[in-house]
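In mature numbering (1 follows the signal peptide of the UniProt record, and there is no 0), the protein residues as written are -36 to -1, 1 to 422. Each residue gets a CB set at the ideal place from its N, CA and C atoms; glycine is no exception. These figures come from a predicted structure and were not determined experimentally.
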């Protein structure tokens, strides 16, 4: 199994524009993420052979929110399997559990809920009061149960995860990564295949009231067979999904969605695009990231054959996949840049940046929708900040740029423009509405915020 885990590769996708190799290396290793980046992450892995199919900020720390409850359920199933509890075991409700913030089903002090009911309440309503009931009954205290959660996470390879509570309500010491959440999803299905159907639960009834599942992809997207949603203000909208289709099995993770619907749309997009790339055989695998020093120092690794070539004028590499340990930069299509062990460690440590402060609020701040329009034929000057093989990434990058440089882009119009390159569709992420001086000024501000950017006459 150790050999299997080491084979699973980490994909570093670094998109840059119009800047030299030295500037790229320095800027990417020292830049702090913008506020939108501090929440967004996405990851898709082939659950049968461990190949990473899609990765975006997959190793950066994120708040799990109610994705936490997957681990809570995992430990419940572990205790069932060990014979410590049964599905009909009553769990007693404390005052502390009853006092938890929503989402909740309203359990009252002194009453009981069975293990089976508790699992269904966690999957559907994502009940925070029930999560504490579970923690106190199985662990004695919430703190003791959270410690067990963390130890279990680390034992299964979730090295970048720490739990402080069983429900995911705001706590600055509770964090994870998209990759770790994929590991948890795979391990849950591998360890408890006979109980996985709990994550397919569509509704749950408690005291005459029926609660529906928050997972809107379940039953609506072919092959999606469950997992879990999550949300707090600090995390944005999170989702772990499992998809099985035509003998293939993939796990997707999206974190930091602006809205539930945009999160769902992005998940659907990355699942649909990557399910056809997945294998049709093998054993279910883990999503563990390899150790950063697993490759020899000064190893020179070639870019894989599927990497995209540079987009002309100026040149820009848009890789669809890269080889771990190779830093791909502008103007280097098909050429490797050696990345030794120390550099790789520095890169990973920078990517795992400190999380933003947790807002104790329970509701999302209103965020205006980013206007994206097709205005490729508009006059004047435009700026381009990237070209991607995924439209969702192009839109996300436009939104991050708009948030990072609101003054420079105040009157600019965001749009995507498709081009065909080597038989594959790319989406250019652009802003229009500038004169030459305005375009150059906007690019200057964006480069200071670690975006690639170049101006062009439209």
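- For residue 43 and residue 49, the gap between their C-alpha atoms comes out near 6 Å.
- Distance from the Cα of residue 81 is smallest, within the candidate group 162, 103, 45, 371, for 162.
- The continuous beta strand (DSSP E) containing residue 195 extends over residues 188 to 196.
- The residue among 132, 23, 191 with its C-alpha nearest the C-alpha of residue 150 is 191.
- When secondary structure is reduced to three states using DSSP, residue 414 falls in the coil class, being assigned neither helix nor strand.
- In this model, residue 13 and residue 185 are separated by some 23 Å (Cα to Cα).
- Rounded to the nearest whole angstrom, the C-alpha separation of residue 27 and residue 176 is 24 Å.
- In this structure, residue 152 lies away from residue 31, with their beta-carbon atoms at least 9 Å apart.
- The alpha-carbon of residue 5 is positioned some 16 Å away from that of residue 122.
- Inclusion of residue 37 and residue 69 in the CB contact set at 9 Å is not warranted, their separation being larger than that value.
- Pairing residue 416 with residue 365, the inter-Cα distance amounts to about 10 Å.
- The residue from 346, 369, 414 with its alpha-carbon nearest to that of residue 403 is 346.
- Counting along the chain, residue 203 sits inside the beta strand (DSSP E) bounded by residues 200 to 209.
- Fully contained in the segment 63 to 89 are the following alpha helix (DSSP H) runs of length 4 or more, in chain order: 79 to 87.
- Residue range 106 to 119 is occupied by the alpha helix (DSSP H) that includes residue 109.
- Excluding residues up to 5 positions away in sequence, 200, 201, 227 lie with their Cβ nearer than 6 Å to the Cβ of residue 221 in the same chain.
- With contacts defined as CB atoms closer than 9 Å, residue 22 and residue 7 qualify as a contacting pair.
- A distance of 9 Å or more separates the beta carbons of residue 411 and residue 396.
- Between residue 198 and residue 157, the CB-CB gap reaches or exceeds 9 Å.
- Unbroken beta strand (DSSP E) stretches of 3 residues or longer found wholly inside the segment 385 to 411: 388 to 398, given in chain order.
- Residue 54 and residue 223 have their C-alpha atoms roughly 37 Å apart.
- Between the alpha carbons of residue 405 and residue 372 lies a gap of roughly 7 Å.
- Within the same chain, 57, 61, 62, 77, 93, 94, 97 come within 7 Å of residue 71 by CB-CB distance, once the 5 residues on both sides are set aside.
- Pairing residue 115 with residue 401, the inter-Cα distance amounts to about 56 Å.
- Secondary structure of residue 165 (DSSP, three-state): coil.
- By the neighbour-count criterion, in which 16 or more other beta carbons inside 10 Å mark a residue as buried, residue 370 falls on the exposed side.
- Just measuring C-alpha positions, the residue of 33, 46, 129 sitting nearest residue 85 is 33.
- The C-beta distance from residue 188 to residue 145 rounds to 16 Å, too long to meet the 8 Å contact threshold.
- Residue range 212 to 221 is occupied by the beta strand (DSSP E) that includes residue 219, with no alpha helix (DSSP H) assigned at that position.
- Annotation: the continuous alpha helix (DSSP H) that includes residue 361 extends over 355 to 368.
- Annotation: residue 19 is outside any alpha helix (DSSP H); the continuous beta strand (DSSP E) that includes it extends over 16 to 20.
- Residue pairing of residue 180 in beta bridges, as defined by DSSP: absent, with no partner found.
- For residue 237, the enclosing alpha helix (DSSP H) begins and ends at 224 to 239.
- The C-alpha of residue 103 is placed about 29 Å away from the C-alpha of residue 174.
- Beyond the five residues adjoining it in sequence on each side, residue 232 comes within less than 6 Å, by CB distance, of 185 in the same chain, given in chain order.
- When the alpha-carbon of residue 91 is set against those of 178, 19, 112, the nearest one is in 178.
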